[in-house]
Amino acid sequence: MKRLTENWAKDLIGFTLPKPKKRTSRWTLLLAGDRGKVISIRRFKGVAITSALAIFVVAAFAIGFYFLYDRETDENKRLQDALEASRQKATVLLDEKERLMVRLVLAESKIKIGQDKHKEKTIETTSGLPQSKSISATAKSETADPKKVAETSIKLSDEKPASVSKVAASASDTSTKSMRDSEPQVVDLENLIVLNEPGNRRLRIEFKLKKTDTRIETVSGYAFLILKPDKDEQKQWFTIPSAPLISGKPSQVHRGQYFSIARFKSIQFEYKYSLGPDRFQYVTIFIYGTDEKLLMEKELPIKIQDVPAVSTG
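Using UniProt numbering, read the sequence shown as starting at 1 and increasing by one per residue.
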């Protein structure tokens, strides 16, 4: 019995308890329903970390895109401000150009009035010389022969009403012309260009029509153009757009090319020719208002320039 006890003591002393295996820590999310159903989500920690990383990446991209958008918005605003400043500068330059054009027109009108006055003085001076000579000749004839004096007085009495009517007519014409000149010019043209496209056998006539009367906001009406080989041969004239002529002017105004301008507008006419265009030497431009009143009539010599054909399609 004693030996058995000693053997057990030896066995107990030599026996060591086994160490438990180390388990990895895991997180499990348990979802319990109202009816006792349990749903377990294993590896909850990994899912949470992955979701947090995804949210962080998305937030970083969102912040980056926000800064990019903000920078592009500032750049766009800066460009819009620069564009608005350029538009205002262009408006100021256009106004300055219009003022300069008005000054130029006024200066030209003053020069023209001065030239007209100089011509009138020259005509009066030249017309006064023959009158004095005729008076001296009449005086000599009166002293020479009483019969001739009587006949001359009869002729003068007969011719007096005609001369008076001529003077009255010339005075009325002068007053009408002065009234017409006193009316402000509504429109004017500049930069007349006549281009020839030999390939298309077509003439293109272009000019800029501008409003010169500052009292009105817009001008609307109809435009005509007459190509002339000669000023007198009306049969060889070509009216664009086609319209019958009365006294060298279009009679059906509504057939003209319609326009409406606030400041200026480029007007273009086209003419398909069969014969050579070099025969045209002059062009007359008519501008009518919507009430068919003639606003401008201007005849100008032209110089045709050859250019390559331009496709209109």
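Quick reminder that beta carbons are idealized off the backbone N, C-alpha and C, glycines included. Owing to the predicted nature of the structure, the values given are computational and were not obtained by experimental measurement.
Would you mind working out which of the options sits nearest residue i, comparing C-alpha positions?
i: Val307; options: Lys45, Asp34, Arg204; result: Arg204
i: Tyr288; options: Arg279, Phe280, Lys298; result: Lys298
i: Leu295; options: Ser266, Leu31, Lys249; result: Lys249
i: Leu192; options: Lys121, Pro301, Leu31, Thr214; result: Pro301
i: Ile216; options: Ser40, Pro184, Ile267; result: Pro184
i: Gly276; options: Lys112, Ala48, Pro198; result: Pro198
i: Glu233; options: Arg279, Leu83, Ala82; result: Arg279
What did DSSP end up calling residue i once you bin it into helix, strand or coil?
i: Ser247; result: coil
i: Ile216; result: coil
i: Thr290; result: coil
i: Gln43; result: Reading off the sequence, residue 43 comes out as Arg, not Gln. If DSSP states are grouped into helix, strand and coil, Arg43 belongs with coil.
i: Gln268; result: strand
i: Arg35; result: coil
i: Asn200; result: coil
i: Ser260; result: strand
i: Lys208; result: strand
i: Tyr66; result: helix
i: Asp306; result: strand
i: Pro301; result: strand
i: Val102; result: helix
i: Gly221; result: strand
i: Glu190; result: strand
i: Phe238; result: strand
i: Thr50; result: helix
i: Leu79; result: helix
i: Leu94; result: helix
i: Lys89; result: helix
i: Thr284; result: strand
i: Lys228; result: strand
i: Met296; result: strand
i: Ile113; result: helix
Report yes if the CB atom of residue i is closer than 8 Å to the CB atom of residue j, and no otherwise.
i: Lys303; j: Val194; result: yes
i: Ile246; j: Leu209; result: no
i: Leu227; j: Val186; result: no
i: Phe269; j: Leu225; result: yes
i: Pro244; j: Gly256; result: no
i: Gln281; j: Pro229; result: yes
i: Gly221; j: Thr290; result: yes
For residue i, which residues in the same chain have their Cβ closer than 8 Å to its Cβ, ignoring the five residues on either side in sequence?
i: Gly64; result: none
i: Leu79; result: none
i: Lys211; result: Val186, Val187, Thr218, Val219, Ile261, Ala262, Arg263, Phe264
i: Ala90; result: none
i: Phe286; result: Ala223, Phe224, Leu225, Ile226, Lys249, Pro250, Gly256, Leu294, Met296, Glu297
i: Glu190; result: Phe207, Lys208, Lys210
i: Ser136; result: Here Ser136 scores only 45 on pLDDT, less than 50, and its place in the model should not be relied on; the value that follows carries that caveat. Closer than 8 Å at Cβ, skipping near neighbours: no residue.
i: Val105; result: Gln185, Asp188, Thr212
Report all residues from its chain with a CB closer than 6 Å to the CB of residue i; omit the five preceding and five following residues, and keep chain order.
i: Gln115; result: none
i: Arg42; result: Thr28
i: Glu292; result: Val253
i: Ile39; result: Leu31
i: Lys110; result: none
i: Leu94; result: none
i: Trp237; result: Ile226, Lys228
i: residue 319; result: An answer regarding residue 319 cannot be provided, because it is not within the stretch 1 to 313 covered by the chain.
Just mark residue i as buried or exposed, buried being the case when its beta carbon has 16 or more other beta carbons within 10 Å.
i: Tyr69; result: exposed
i: Asn76; result: exposed
i: Phe207; result: buried
i: Gly46; result: exposed
i: Thr214; result: exposed
i: Thr239; result: buried
i: Ser157; result: The predicted position of Ser157 is uncertain, since its pLDDT is 45 and thus under 50; a value taken from the coordinates is nonetheless stated next. By the neighbour-count rule (16 or more Cβ atoms within 10 Å), Ser157 is not buried but exposed.
Taking 7 Å as the cut-off, is the CB of residue i close to at least one heavy atom of the ligand FMN?
i: Glu190; result: Looking at this structure, you won't find the ligand FMN or any other ligand, since it has none at all.
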